[in-house]
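Residues 1 to 325, numbered by the UniProt record's numbering, are exactly what the sequence shown covers, in order.
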Amino acid sequence: MTDPPRNPDTARLVLDCAHLVRRFGDRTAVDDVSLRIAPGETYGLLGPNGAGKTTTIRMVCGLLRPDAGSVRVAGRPVSTAAGPAKQLIGFVPQDVALYADLSVRENLRFFGRLYRLPRRRLERRVDEVLDLVDLAPRAGDRVESLSGGMRRRLNIGAGLVHSPTLLVLDEPTVGVDPQSRHAILESVTRFGEEGMAVLYTTHYMEEAERLCHRVGIIDRGRLIAEGSPRELVQLVAERDRVRLTAVGGLSAYAEACRRLPRVEGVARGGDRGDVVELVVKDARSLLPDLLDLAHRQAVGIRSVEIDEPDLEAVFLHLTGTALRE
């Protein structure tokens, strides 16, 4: 990844969100969230499902009215009404928003016409986007014939066809195969290198580490930390992440681990619920205590992994839980 752009406090901002709040009945989905993105910067909004990511970006895109706060894109206010600021935004939603009975090219033409692109410019831009998302060989094929990964890439292309200043991607790699996921991540990297501002929401830590100049961690509607991946990892610089795969009474074992000295976060994980993850100080000296506790509670340890801090460890440290699906 390229070096981050200038400090967004001093650069000409593309996105400036200030103190956003959104409630649904008695539940506050977004609680005083502020974030800024500069030209050429990829900003990752990281958090589990239900944390407030999608609600935040719907307000950013003018699809949902905030109860408090403001959004400006390139200095222009964003509202739910049509306006010049919305012309500057390309929004790629989680759900694929394409017409299955139209061809790849026809879909891109349709979305370009929504932005009133002149015919000659539209045709040129459609060809450029087909190359960007690597779908030129399938331009004449109907969308219903495409694989899931190809549809995701075309979904991104639909958000790019009008050359937006700000591209907003909401969980663009959910449910795609590894090859398509790699292609999508490579494309997002290029967008930033070409000067586009990108707001990228995900609950995949490795994507944020790979793509983003800065990351905001959102949980339960609040932005609880913000900085470059390196800066965030420094929050747990002297802490290790321990992953224990085990059998037995893991709920009681996890609670007992939480009470040990130098243990700062504990969570259950694994596809079968057979993993206990911990953030600890000095894992190697603590490991005998963890194994002894497992023996006393009749928990069988199958494997032990110790990792240096990463964004997953940061999230676990800040919230006390693993990144929830």
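Even for Gly, the Cβ is constructed at its ideal location relative to N, Cα and C.
If you check the beta carbons only, do V60 and L169 fall under 9 Å apart?
As a working mapping, residue 60 is identified with position 60 in the sequence shown. As a working mapping, residue 169 is identified with position 169 in the sequence shown. Not a contact, by the Cβ cut-off of 9 Å.
Assuming G83 and L20 make a contact with CB atoms under 8 Å, what is their CB distance in whole Å?
The count along the sequence shown starts at 1 and reaches residue 83 at position 83. The count along the sequence shown starts at 1 and reaches residue 20 at position 20. Contact flag wrong, Cβ pair sits at about 18 Å.
Could you tell me the distance, in whole angstroms, from the CA atom of R116 to the CA atom of V126?
Walking along the sequence shown from the start, residue 116 turns up at place 116. Walking along the sequence shown from the start, residue 126 turns up at place 126. R116 and V126: Cα-Cα distance of roughly 13 Å.
What does the alpha-carbon distance come out to for the pair R65 and R22?
Residue numbering aside, residue 65 sits at position 65 when the sequence shown is read from its first letter. Residue numbering aside, residue 22 sits at position 22 when the sequence shown is read from its first letter. The straight-line gap from Cα to Cα measures roughly 8 Å.
Give the secondary structure of C17 by DSSP, where H, G and I count as helix, E and B as strand, and everything else as coil.
For this step, residue 17 is matched to residue 17 along the sequence shown. Strand.
Using the Cα positions of V33 and G265, report the straight-line distance between them to the nearest angstrom.
Working through the sequence shown from its first residue, we reach residue 33 at position 33. Working through the sequence shown from its first residue, we reach residue 265 at position 265. Between V33 and G265, the C-alpha separation is close to 25 Å.
Three Cβ pairs or more, each shorter than 8 Å: is that satisfied between the stretch 251-266 and the stretch 220-235?
Flag = no, the stretch 251-266 and the stretch 220-235 do not touch.
Use the C-beta contact count for N49: other C-beta atoms within 10 angstroms, 16 or more gives buried, fewer gives exposed.
Start at 1 with the first residue of the sequence shown, and residue 49 comes out as number 49. Burial call: exposed.
Can you list, in chain order, the stretches of the beta strand (DSSP E) that have 3 or more residues and sit fully within the stretch 181-244?
Here the runs fully enclosed are 197-202, 214-219 and 222-227.
So if DSSP puts F24 in a beta bridge, which residue, or which two residues, is it bridged to?
Indexing the sequence shown from 1 puts residue 24 at position 24. F24 pairs with R27.
Would you list the residues sitting across from V299 in a DSSP beta bridge?
The residue labelled residue 299 in the question sits at position 299 within the sequence shown. None, per the DSSP bridge assignment.
From this set, V233, D219 and I156, which residue's C-alpha is nearest L199's C-alpha?
Walking along the sequence shown from the start, residue 199 turns up at place 199. For L199, the nearest C-alpha among the options comes from I156.
What is the residue span of the beta strand (DSSP E) that T173 lies within?
Counted from its first residue, the sequence shown places residue 173 at position 173. That residue, T173, is in no beta strand (DSSP E); it is neither H nor E in DSSP.
Counting along the chain, where does the beta strand (DSSP E) carrying T42 start and finish?
On the sequence shown, residue 42 is found 42 positions in, with the first residue counted as 1. Looking at the DSSP string, the run of the beta strand (DSSP E) that includes T42 is T42 to L46.
If we ignore side chains and look at the alpha-carbon of each, how far apart do E325 and T56 end up?
Translated into positions along the sequence shown, residue 325 becomes position 325. Translated into positions along the sequence shown, residue 56 becomes position 56. Because E325 carries a pLDDT of 45, less than 50, the predicted location of this residue cannot be relied on, and the following value inherits that uncertainty. Those two C-alpha atoms are separated by around 18 Å.
Would L286 and V279 qualify as a contact pair, given that the criterion is a beta-carbon distance under 9 Å?
Looking up residue 286 in the sequence shown gives position 286. Looking up residue 279 in the sequence shown gives position 279. No. Outside cutoff.
In whole angstroms, what is the alpha-carbon distance linking residue 326 and T28?
One cannot answer for residue 326 here, as it falls past the ends of the chain, which runs 1 to 325.
Roughly how many angstroms separate the alpha carbons of G159 and G248, rounded to a whole number?
In the sequence shown, the residue the question calls residue 159 occupies position 159. In the sequence shown, the residue the question calls residue 248 occupies position 248. In a straight line, the C-alpha of G159 is about 49 Å away from that of G248.
For A294 and H203, what's the separation of their Cα atoms in angstroms?
Taking the first residue of the sequence shown as 1, we reach residue 294 at position 294. Taking the first residue of the sequence shown as 1, we reach residue 203 at position 203. About 31 Å.
Look at the alpha carbon of M205 and the alpha carbon of P288, and state the distance between them as a whole number of angstroms.
As a first step, residue 205 must be located in the sequence shown, where it is residue number 205. As a first step, residue 288 must be located in the sequence shown, where it is residue number 288. Approximately 29 Å, taken between the alpha carbons.
Could you compute how far the alpha carbon of A298 sits from the alpha carbon of T245?
Within the sequence shown, residue 298 is the residue found at index 298, counting from 1. Within the sequence shown, residue 245 is the residue found at index 245, counting from 1. If you take the alpha carbons of A298 and T245, they lie about 14 Å apart.
So what does DSSP say about D274, is it helix, strand or coil?
For this step, residue 274 is matched to residue 274 along the sequence shown. Reduced to three states, the DSSP call for D274 is coil.
Within the same chain, show all residues whose beta-carbon is closer than 6 Å to that of G149, passing over the 5 residues directly before and after it, in chain order.
In the sequence shown, the residue the question calls residue 149 occupies position 149. Here the set comprises V176, D177 and S180.
If we ignore side chains and look at the alpha-carbon of each, how far apart do R121 and V314 end up?
Along the sequence shown, one-based indexing puts residue 121 at 121. Along the sequence shown, one-based indexing puts residue 314 at 314. In a straight line, the C-alpha of R121 is about 46 Å away from that of V314.
Count the other CB atoms within 10 Å of the CB of R151; is the residue buried (16 or more) or exposed (fewer)?
Taking the sequence shown and counting its residues from 1, the one referred to as residue 151 is at position 151. Looking at its Cβ environment, which holds 16 or more other Cβ atoms inside 10 Å, R151 is buried.
Less than 9 Å separating the beta-carbons of I301 and R243?
Locating residue 301 in the sequence shown gives position 301, counting from the first residue. Locating residue 243 in the sequence shown gives position 243, counting from the first residue. Not closer than 9 Å, so no.
Since S251 is in the alpha helix (DSSP H), which residue starts that stretch and which ends it?
Numbered from its first residue, the sequence shown carries residue 251 at position 251. Counting along the chain, the alpha helix (DSSP H) containing S251 begins and ends at L250 to R258.
If you compare alpha carbons, which of G47, E277 and I37 is closest to R220?
Here the question's residue 220 lines up with position 220 in the sequence shown. Looking at the Cα atoms, G47 is the closest of the given residues.
Can you look up P66 in the DSSP assignment and give me helix, strand or coil?
What you label residue 66 is simply residue 66 of the sequence shown in a count that begins at 1. Reduced to three states, the DSSP call for P66 is coil.
Throw me the rounded Cβ distance for the E41 and R296 pair, which I believe falls under 8 Å.
Working through the sequence shown from its first residue, we reach residue 41 at position 41. Working through the sequence shown from its first residue, we reach residue 296 at position 296. Not quite, the Cβ-Cβ distance comes to about 51 Å (not below 8 Å), so this is no contact.
Verify whether the separation of the beta carbon atoms of L185 and T173 is less than 9 Å.
In the sequence shown, counting from the first residue as 1, residue 185 sits at position 185. In the sequence shown, counting from the first residue as 1, residue 173 sits at position 173. Contact: yes.
Count the other CB atoms within 10 Å of the CB of T2; is the residue buried (16 or more) or exposed (fewer)?
By 1-based counting over the sequence shown, the position of residue 2 is 2. Its pLDDT being 49, under 50, T2 is placed unreliably in this model, and the value from its coordinates should be taken loosely. With fewer than 16 Cβ atoms within 10 Å of its Cβ, T2 is classed as exposed.
Under 6 Å Cβ to Cβ from V78, same chain only, skipping five residues before and after it: list those, please.
Numbered from its first residue, the sequence shown carries residue 78 at position 78. For V78, where only same-chain residues beyond five positions count, the Cβ hits under 6 Å are G62, V71 and A85.
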